[in-house]
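Here's the structure, in structure tokens; my notes come after.
Number of protein chains: 2
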Amino acid sequence: MRNVDKRDVPAVTVPRLALYLRKLRELRARGVERISSKDLAETIDLNAAQIRKDFSYFGEFGTRGVGYEVARLVDEISHCLGLDRSWNVIIVGAGLLGTALARYRGFSEQGFRLVAMFDSSAAVIGASYGTGRVRSIGDLEDFCRKEQVDIALVTVPAAEADGTVGRLAAAGVKAVLNFAPVKVHAPEDVLVRQVDLSSELMSLTFYLDREQA
Amino acid sequence: MRNVDKRDVPAVTVPRLALYLRKLRELRARGVERISSKDLAETIDLNAAQIRKDFSYFGEFGTRGVGYEVARLVDEISHCLGLDRSWNVIIVGAGLLGTALARYRGFSEQGFRLVAMFDSSAAVIGASYGTGRVRSIGDLEDFCRKEQVDIALVTVPAAEADGTVGRLAAAGVKAVLNFAPVKVHAPEDVLVRQVDLSSELMSLTFYLDREQA
DNA sequence: GAATGTGAATTTATTCACAGCA
DNA sequence: TGCTGTGAATAAATTCACATTC
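Protein chains in written order, with the numbering used here: chain A, 105 to 317; chain B, 105 to 317.
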């Protein structure tokens, strides 16, 4: 991967890289050694030029007339996405969703290390879910300042989400995945992404024919 | 809302409608009766013209020189999104994520009714989570054909997701929210949306400065 | 006077189409 | 010959700017 200014990469390209990576890992696991942009495009229902252009923001990963080496591409895209290192993750909010996420294997498989969880309820403090032991929410700032916390998953009730993100930002956490259905505020240099299940459902109902029984 | 061909509505407008709706409900709950596109835009960090244009695909909801009546707007957007009726939802896969979703209050609050869950493990069949009683996966098609199932949330292991979606489609389910980290195949007339947590995390790590400790 | 609704202008993203290279 | 990599063309989305209406 050549040196890239991330602002030159279209925002829509990034989630597509994750999609390519998943499919390429699957191909590699199946023993496929080479693939063309055309064939890859077919399996994920996309335009082949789209894929080539997405790669082109980062360098030249293929061989003209031949295609792409799957193993090389997996390495390159992993590197583009910052997945060639591990990232420390905390979960704030040890409710149903937080504890389910803590035990979700998908995270650790991608190099995300759950290093702690936080909750305000004495009933769960001390319990462990996956690799995450629940600490008191009062220790949040201390922990974030002492340990290298890269990403926080926020699964607290909606009313507390904004305050929680503020505390995380103040304690130096630079990336937040917010599962509470509210828009949260954070300084410019803190990345916030929203995961919103009822929003997803609404996008489905929009397209569902409302004349159904 | 005037009669609208949904294909004329840009795809990106739909999730924004859900966002507007949430904020407007919050404003209504706080007793705010009127709002301008400028003020609404500020609270959700968007361009005011964007909001007005999004509304304009569906009709004229405001009053020139005055702004929008919050209550009216809530009703109009709810109607646009198909939220003025209730939708029957099933969850296929009663693992950690499936059961967490089943007990998540956000769904029922928006008019989504969890009518059943399905799993292959005898250990969970018969158990109830929220309003969802777990049935045998063998009964999936029968149930979908007899009851009106509008949306299926698929929380089965990745290896089974594609087959599960195929069965749902064959049984007449027209919308699927897939939580398994694989691209699933479905007929043209079946809507599939992907919710992918590790993808979201990767979009964060891309932008995180990789020079961190 | 104030804010909507919307064509026109701009920006961003996708797709085409072909030069360049194995 | 076959497929990448990429400028050019097209399409889509956003933003501007203003006529219109209350």
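All C-beta atoms, glycine included, are put in the ideal place defined by N, C-alpha and C. Please read these numbers as outputs of a predicted model, since none were measured by experiment.
Around the C-beta of Ala153(B), fewer than 16 other C-beta atoms lie within 10 Å, and the residue is accordingly described as exposed. For Asn282(A), DSSP records a beta bridge to Val258(A), Gln298(A).
Taking 7 Å as the upper bound on Cβ-Cβ separation, chain A lies near residues Lys278, Ala279, Leu281, Pro285, Lys287, Leu295, Arg297 of the region 278-297 of chain B. Taking a C-beta distance under 7 Å as the contact criterion, Thr309(A) and Gly186(B) qualify as a contact pair. The beta-carbon of Ile148(B) is placed less than 7 Å from the nearest beta-carbon of chain A. Sorting Leu123(B), Asp188(B), Asp149(B), Ala284(B) by C-alpha distance to the C-alpha of Ser302(A) places Leu123(B) at the top.
The region 267-286 of chain A makes no contact with the region 144-163 of chain B, as fewer than three CB pairs between them are under 8 Å.
For Leu205(B), the closest C-alpha among the options Arg106(B), Val299(B), Lys250(B) is that of Val299(B).
From the beta-carbon of Ile255(B), the residues of chain A found nearer than 9 Å are Leu305, Leu308, Thr309, Leu312. Residue state for Asp179(A) is assigned as helix, using DSSP reduced to three classes.
In the structure shown, Gly270(A) adopts helical secondary structure according to DSSP, grouped into three states. Contact of Pro119(B) with chain A is assigned, a C-beta pair being separated by under 7 Å.
For the region 242-267 of chain B, the beta-carbon criterion of a distance under 8 Å to any beta-carbon of chain A is satisfied by Gln252, Asp254, Ile255. Shown here is that no member of the region 152-181 of chain B has a Cβ falling below 9 Å from a Cβ of chain A.
Among the bridge pairs identified by DSSP, Met221(A) is matched with Ile195(A), Val238(A).
In this chain, the alpha helix (DSSP H) harbouring Pro119(A) covers 117-133. Annotation: Met306(A) to Glu164(B) spans about 22 Å, alpha carbon to alpha carbon. Counting the other Cβ atoms within 10 Å of the Cβ of Ser141(A) gives 16 or more, which makes it buried. When the five nearest sequence neighbours on each side are left out, the beta carbons in the same chain lying within less than 7 Å of the beta carbon of Gly202(B) are those of Ile195, Met221, Thr259, in order along the chain.
In the structure shown, the three-state DSSP call for Gly210(B) is helix.
Chain-ordered, the chain A residues with CB closer than 7 Å to the CB of Arg207(B) read Leu200.
Counting along the chain, Phe247(A) sits inside the alpha helix (DSSP H) bounded by residues 244-250.
With contacts defined by Cβ atoms closer than 7 Å, Ala290(A) and Ala273(A) form a contacting pair. Ala265(A) counts as buried, since no fewer than 16 other beta carbons sit within 10 angstroms of its beta carbon. Using a CB distance cut-off of 7 Å, Ala204(A) counts as an interface residue toward chain B.
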